[in-house]
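A.B. asks: The structure follows.
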Amino acid sequence: MKKFENVLIASDIDGTLLFQNEIHPRNFEKLRYFCENGGHFALSTGRNHMDIFAIMQNIGEYVNMPCILCNGSYLYDVEKGEILNPQYVNGEKLMEFVLRIRRDFMGKAGFRASFAEGFLVADDDTYILERLRDFRLAHLAIKRPLSDFGKEKIFKAVCISDPETLAKIRKIAEDEFSEYFTFTTSDAHIFEVQPLGVSKNFQFPYLKERYHGADIWCIGDYDNDLEMLRGADVAVCPANAVDAVKAVAKYQVCHCKDGAVAEMIDLIEKTIA
């Protein structure tokens, strides 16, 4: 048996594997070593199956098990290009929520929704279209009438604004819509609306069944990683993680800019030796 055969790694991307849109060369080197020696590696991220390729074009060289995408709303088999075990938001209630926020914050906040084709964007939402251009993701935007938010099968919706406005939006969400959705944040400017009960650890039972007997090691840095880390067999965070994440992690490794995933693999090797 190869040394890492019973180890699954689920890694967050932004602020964990990635620093300022770059992946440290050590991470690539160690991931290759990990997979060659029987390990299983997947991304666990709020991103969807299209924009993960924007940051890791050679993803198939390193990812060898289904990735946890849209914060747990579905798994994605990179090799087969297949969506697995999808979960969707309540379309009717999502429409109500979007209309409620647009009523009070139009021009100060914008929405995009992840679905199978990319990012669904209301054709009059200039705010979100500008933000997508800022992140060089405008090519993934599919502009449709606002009413399509209530018709399509949506994995998750994202509201983008400044931190002060998002704090007000979060209060409305939690006061009026908490029985329909799960909420999280992946950045000070990003508020995320998930299917009720879904977080990054939602897909763990599926992976445990598929890779029977394996331990799940998880690494992440922000609020949307908390449930994943709580549900992991072993929870790890980079030194740049927020305090709430550090509080639940068993191990802390170096800052993501220095190759946190690589250091985690070194830690795994020492632990299982």
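For the sequence shown, the working numbering assigns the number 322 to the last residue and increments by one with no breaks. Glycine included, C-beta positions come from ideal geometry on N, C-alpha and C. Fair warning: this is a prediction, and the values are worked out from it, not measured in the lab.
Kindly indicate which three-state DSSP category Ser196 falls into: helix, strand or coil?
C.D. replies: helix
A.B. asks: Is there contact between the segment 208-228 and the segment 70-87, where contact requires at least three CB pairs shorter than 8 angstroms?
C.D. replies: no
A.B. asks: Can you name the start and end residues of the alpha helix (DSSP H) that Thr175 belongs to?
C.D. replies: 175-183
A.B. asks: Since Asp126 sits in a beta bridge, which residues does DSSP pair it with?
C.D. replies: Glu131
A.B. asks: Comparing the C-beta of Asp264 with each C-beta of chain B, is any distance below 8 angstroms?
C.D. replies: Among the chains in the structure shown there is no chain B, since it carries only a single protein chain.
A.B. asks: If you check the beta carbons only, do Ile265 and Asp292 fall under 8 angstroms apart?
C.D. replies: Result no, Cβ atoms of Ile265 and Asp292 do not sit closer than 8 angstroms.
A.B. asks: Quick check: what's the CA-CA separation for Gly109 versus Gly87?
C.D. replies: 15 angstroms
A.B. asks: Tell me whether the beta-carbon of Val247 lies closer than 8 angstroms to the beta-carbon of Asn120.
C.D. replies: yes
A.B. asks: So who's on the other strand from Lys205, going by DSSP bridges?
C.D. replies: Ser163
A.B. asks: Below 8 angstroms on the Cβ atoms is my contact criterion, and I expect Ile268 with Val285 to pass it. Report the Cβ-Cβ distance as a whole number of Å.
C.D. replies: 4 angstroms
A.B. asks: By how many angstroms is the C-alpha of Ala91 removed from the C-alpha of Ile58?
C.D. replies: Take the alpha-carbon of Ile58 and the one of Ala91: they are about 6 angstroms apart.
A.B. asks: Report buried or exposed for Ser6, applying the criterion of at least 16 other Cβ atoms within 10 angstroms of its Cβ.
C.D. replies: Since the first residue shown for the chain is 50 and the last is 322, residue 6 is missing from the structure and cannot be characterised.
A.B. asks: With a cut-off of 8 angstroms on the beta carbons, I'd call Tyr123 and Phe204 a contact; round off their distance for me.
C.D. replies: 6 angstroms
A.B. asks: In whole angstroms, what separates the C-alpha of Arg180 from that of Ser196?
C.D. replies: 21 angstroms
A.B. asks: Considering only their Cβ atoms, is the gap separating Ile177 from Gly159 smaller than 8 angstroms?
C.D. replies: Going by beta carbons, Gly159 and Ile177 fall inside the 8 angstroms limit.
A.B. asks: Extract the residue ranges of the beta strand (DSSP E) inside the segment 208-237, only unbroken runs of 3 or more that lie entirely within it.
C.D. replies: You should have 230-236.
A.B. asks: From Cys305, Cys116, Arg219, Leu143, pick the residue whose C-alpha is nearest to that of Glu131; which is it?
C.D. replies: Cys116
A.B. asks: If we require 3 or more residues per run, which beta strand (DSSP E) segments fall completely within the segment 276-318?
C.D. replies: Along the segment 276-318, the beta strand (DSSP E) occurs as fully enclosed runs of 3 or more residues at 283-286, listed in sequence order.
A.B. asks: For Gly308 and Arg152, what's the separation of their Cα atoms in angstroms?
C.D. replies: 44 angstroms
A.B. asks: Measuring CA to CA, which of Arg182, Leu148, Arg185, Asn273 is closest to Ile221?
C.D. replies: Leu148
A.B. asks: When DSSP builds the beta bridges, which residues end up paired with Ala190?
C.D. replies: Phe168.
A.B. asks: Nearest-angstrom Cα distance between Phe68 and Ile104?
C.D. replies: 11 angstroms
A.B. asks: I'd like the list of long-range same chain contacts for Val127, defined as Cβ closer than 7 angstroms, with 5 residues on each side in sequence excluded.
C.D. replies: Ile108, Gly109, Val112, Cys116
A.B. asks: Helix, strand or coil for Leu57, going by three-state DSSP, please let me know.
C.D. replies: strand
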